[in-house]
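Remarks on the structure that follows.
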Amino acid sequence: MTVRHVFRWDLDKTYLRTEFDSVGDLIKSAIETAADKQAYPGATALLRTLSTGDGYRVCIVSGSPTQMRTVLAAKLALDGVAYDEFVLKDNLRNILRGRFRALRAQIPYKLPALLASRGRGVPAPAESLFGDDAEADAIVYCLYADLLAGKVDADTLARILASARAYPDEIDRTLAVARAAPRGEVVQRIVIHLDRRSPPIGFRQFGPRLVPVFNYFQAALVLYADGVLDARQLLFVAFEMLDSGQFRLATLANSLQDLLRRNRLSPDTVLRLAGEITDLATSDASAHRPDLPPYSAIAAAFTERTRELRGVPPPAWPTDPEPLDYVALVDAEHANRRDRRRDGHG
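Numbering-wise (this note's numbering), the sequence shown opens with residue 2 and increments by one.
This is the structure in structure tokens:
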């Protein structure tokens, strides 16, 4: 099978509701069963859809310890999610080697894991990456994309890794897998789930490729605009969110408008979606569910939210953006993490 698109997912705070800001949180997470673990509304529907797509490949790279593989795999099986690769962090090995700095470090772990994954699999022409705002996912994913695109050389990468407090052998390994990874402008989209409700404006420095989202309907809208999902698949995500009882049609419409306001979605895309939803009303089985809004109401709500922004210019993107200063970004992320620990937030 020809691999057309690879989707790389984190788990904690991206797919699963996980708390690890305190020792108590870590203990709770470690003893939870597969049935105890909860995915974010819409995340299961989205990941299940991606895992069954023709020519799609799902690779999970998580900072969860390898000892949790059984329970995490069981959770994904319960959710009906298939995957092609599942990489976890060997923190027990770090402890036995006295490498305590590596227990929390994300960049020296996740970056080489992503590069090695690309080197192992059939190189796809397109990739989409999913992470969250709890760690350094935005930095790691953008750095991964720029490395593959040939925008970061080996000397610069070594300086970035040193700033990320990587051990010398971690730097050497990352440089090696970076040299071996198939290159190209392949990262099409980066989606960052705002678990900590970080202000989206803080992510504009990463450019339009990276989209911060508050929920998985927004993620589905972005993938619809990218041509990854069709209207029926997008509604599959929306209906799971409505079924959760945590969202209403008005909430989803507001989420759509938020993307429009931030220039992360175009009015033309929304109007095309509304038309396709209207067309599905006569053919889609879910259109006859009495507990769901009529398809006509969904299309009307989305159209109305778009029309409300007539005459409101969205924020423009720079035409010639400056390259990202990854050393400065890593230093700022490290300082932020240190401040959070000082304030008792993990």
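Ideal placement from N, C-alpha and C gives every residue a C-beta, glycine not left out. Keep in mind it's a predicted model, so treat the numbers as computed, not measured.
- Under the three-state reduction of DSSP output, residue 13 falls in the strand class.
- In the three-state DSSP reduction, residue 248 falls in the coil class, being neither helix nor strand.
- CA-to-CA, the gap between residue 47 and residue 11 works out to about 14 Å.
- For a cut-off of 8 Å, the C-beta gap from residue 106 to residue 58 is around 27 Å, too long to register as a contact.
- Taking C-beta atoms as the reference points, residue 9 and residue 130 count as a pair closer than 8 Å.
- Distance from the CA atom of residue 65 to the CA atom of residue 224, rounded to whole angstroms, is 26 Å.
- Residue state for residue 219 is assigned as helix, using DSSP reduced to three classes.
- Checking the DSSP bridge columns, you'll see residue 40 partnered with 17.
- The DSSP assignment places 128–133 as complete runs of the beta strand (DSSP E) inside the stretch 127–190, in order along the chain (cut-off: 3 residues).
- About 11 Å separates the Cβ atoms of residue 73 and residue 40, ruling out a contact at the 8 Å cut-off.
- Membership of residue 57 in the beta strand (DSSP E) is indicated by the continuous run 57–66.
- As a beta-bridge residue in DSSP terms, residue 86 pairs with 60.
- In the three-state reduction of the DSSP assignment, residue 4 falls in the coil class, being assigned neither a helical nor a strand state.
- Within its own chain, the residues whose Cβ lies closer than 8 Å to the Cβ of residue 50, once the five positions on either side in sequence are excluded, are 230, 234, 237 and 238, listed in chain order.
- Following the DSSP letters along the chain, one finds residue 201 in no alpha helix (DSSP H), marked with neither H nor E.
- Burial check for residue 44: the Cβ neighbour count within 10 Å reaches 16 or more, so the residue is buried.
- Taking a 10 Å sphere around the C-beta of residue 337, we find fewer than 16 other C-beta atoms and assign the residue as exposed.
- Boundaries for residue 271: no beta strand (DSSP E) harbours it, while the alpha helix (DSSP H) harbouring it runs 268–281, taken from the DSSP string.
- Taken through DSSP and simplified to helix, strand or coil, residue 324 comes out as coil.
- Between residue 256 and residue 218, the CB-CB gap stays under 8 Å.
- Here residue 271 is buried. Its C-beta has 16 or more other C-beta atoms within 10 Å.
- With respect to the 8 Å criterion, residue 181 and residue 120 are classified as neighbours on the basis of their beta carbons.
- Across the structure, residue 89 and residue 78 are spaced so that their CA atoms are roughly 17 Å apart.
- Under the DSSP assignment, residue 212 falls outside any alpha helix (DSSP H), being part of the beta strand (DSSP E) whose first and last residues are 211–214.
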